[in-house]
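Colleague:
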Amino acid sequence: MKRTSIFSKTLLGAAVLTLSLGMQSCKTEPKQEDPKEVAEDENEAKFDNVDEAKEDDSEYFVDAAEVDMEEIGLGKLAQQKSTNPDVKALGKMMVEQHEKSAAALKEAAAKKNISLPTSLTEDGQKAYKDLNDKNGHDFDKKYVDLMVSGHEDLIKKMEKASEKAADADIRMWAANMLPTLRTHLEHAKLTKEKVDAVK
180 MKRTSIFSKT LLGAAVLTLS LGMQSCKTEP KQEDPKEVAE DENEAKFDNV
230 DEAKEDDSEY FVDAAEVDME EIGLGKLAQQ KSTNPDVKAL GKMMVEQHEK
280 SAAALKEAAA KKNISLPTSL TEDGQKAYKD LNDKNGHDFD KKYVDLMVSG
330 HEDLIKKMEK ASEKAADADI RMWAANMLPT LRTHLEHAKL TKEKVDAVK
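First residue of the sequence shown? That's 180 in our numbering, and the numbers climb one at a time after it.
(1) Does the beta-carbon of N292 have 16 or more other beta-carbons within 10 angstroms, so that it is buried, or is it exposed?
(2) Provide the residue span of the alpha helix (DSSP H) that contains L299, from first to last.
(3) Between the C-alpha atoms of Q258 and A244, what's the straight-line distance to the nearest angstrom?
(4) So, helix, strand or coil for D236, using DSSP?
(5) Cα separation between A306 and M273?
(6) Leaving out five residues before and five after F186 in sequence, what residues of the same chain have Cβ atoms less than 7 Å from its Cβ?
(7) Write down the C-beta distance between V266 and Y322 rounded to the nearest angstrom, noting that I regard them as a contact closer than 8 Å.
(8) If you run the structure through DSSP and keep just helix, strand and coil, what is N314?
(9) Would you call the segment 342-350 and the segment 303-317 touching, i.e. three or more CB-CB distances under 8 Å?
(10) For S261, collect the residues of the same chain with a Cβ closer than 8 Å to its Cβ; drop the 5 residues on either side in sequence, then sort them by chain order.
(11) For K255, which option in A288, S237 and Q276 has the closest C-alpha, if you only look at C-alpha atoms?
(12) Taking the Cβ atom as the reference point for each residue, do A367 and H316 lie within a distance shorter than 8 Å?
(13) Identify whether N445 lies in helix, strand or coil by the three-state DSSP scheme.
(14) Could you compute how far the alpha carbon of L295 sits from the alpha carbon of I349?
(15) First and last residue of the alpha helix (DSSP H) that includes V377?
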């Protein structure tokens, strides 16, 4: 009887120790930094006090990379979850176009020594989660709304970049992006009209 009691106490002690160590490791685990902030910090370190204009220009690339990753993730989700053929087609187009855009952007950024986010940003993760929480018609409405507002925002940023960027290559890159982005916006608006018409 005594041996069982000692064994039980030893087992209980080991369990408590394991639990407390596990809780400590949870407490000390650092919060992962937002990939967008990491890229911006890296660019600031590279160009601060050296070339302030280049640091400002790098933000256009960071913003575009953020949108590319978000559109790819949301587009894949739209293809998986939506039952509306127009929404699925819009999602497919967004994935294909933004994968091309992301590849070209990565190449251009490497030439300019500009750091880009390497994974979905905190805002992108939130947008993905919020969309994934929706189903059916609510999902479709949320997706097309995101596509319209997201492209409107990016077009404004690229219009600014095409006029204000200090680097001529970046001005040209932004100007070249605009026709495609405007086409995306038109597709998104047309799809939104169709989705909104469904009762």
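All residues carry an ideal CB built from backbone N, CA and C; glycine is no exception.
Modeller: Reading it off the structure:
(1) Position 113 of the sequence shown, counted from the start, is the residue given in the question as residue 292. Exposed, since its Cβ has fewer than 16 Cβ neighbours within 10 Å.
(2) Locating residue 299 in the sequence shown gives position 120, counting from the first residue. Note, L299: premise wrong, no alpha helix (DSSP H); not H, not E.
(3) One-based indexing of the sequence shown puts residue 258 at position 79. One-based indexing of the sequence shown puts residue 244 at position 65. Looking at the two C-alpha atoms, the distance is approximately 21 Å.
(4) Counting from 1 along the sequence shown, the entry for residue 236 is found at position 57. Correct three-state label for D236: helix.
(5) Here residue 306 refers to the residue found at position 127 when the sequence shown is read from its first residue. Here residue 273 refers to the residue found at position 94 when the sequence shown is read from its first residue. One C-alpha to the other measures close to 16 Å.
(6) Locating residue 186 in the sequence shown gives position 7, where the first residue counts as 1. Because the pLDDT at F186 is just 45, under 50, the model does not fix this residue reliably, and the value given afterwards should be weighed accordingly. Cβ within range, chain order: n/a, list empty.
(7) Here the question's residue 266 lines up with position 87 in the sequence shown. Here the question's residue 322 lines up with position 143 in the sequence shown. Contact holds; Cβ gap of about 6 Å.
(8) The residue you call residue 314 lines up with position 135 of the sequence shown. The answer is coil: DSSP assigns N314 none of H, G, I, E or B.
(9) Taking a contact to require three or more Cβ pairs closer than 8 Å, the segment 342-350 and the segment 303-317 do not qualify as touching.
(10) As a working mapping, residue 261 is identified with position 82 in the sequence shown. Cβ neighbours of S261 beyond the five flanking positions: K267, G270, F318, D319 and Y322.
(11) The count along the sequence shown starts at 1 and reaches residue 255 at position 76. Ranking the options by Cα distance to K255, first place goes to Q276.
(12) Along the sequence shown, read from residue 1 onward, the residue named residue 367 stands at position 188. Along the sequence shown, read from residue 1 onward, the residue named residue 316 stands at position 137. Going by C-beta atoms, A367 is not nearer than 8 Å to H316.
(13) Past the boundaries of the shown model lies residue 445; the chain is included only from 180 to 378, so the question cannot be answered.
(14) Taking the first residue of the sequence shown as position 1, residue 295 is located at position 116. Taking the first residue of the sequence shown as position 1, residue 349 is located at position 170. If I take the Cα positions, the gap works out to 15 Å.
(15) The residue you call residue 377 lines up with position 198 of the sequence shown. No alpha helix (DSSP H) holds V377; DSSP gives it neither H nor E.
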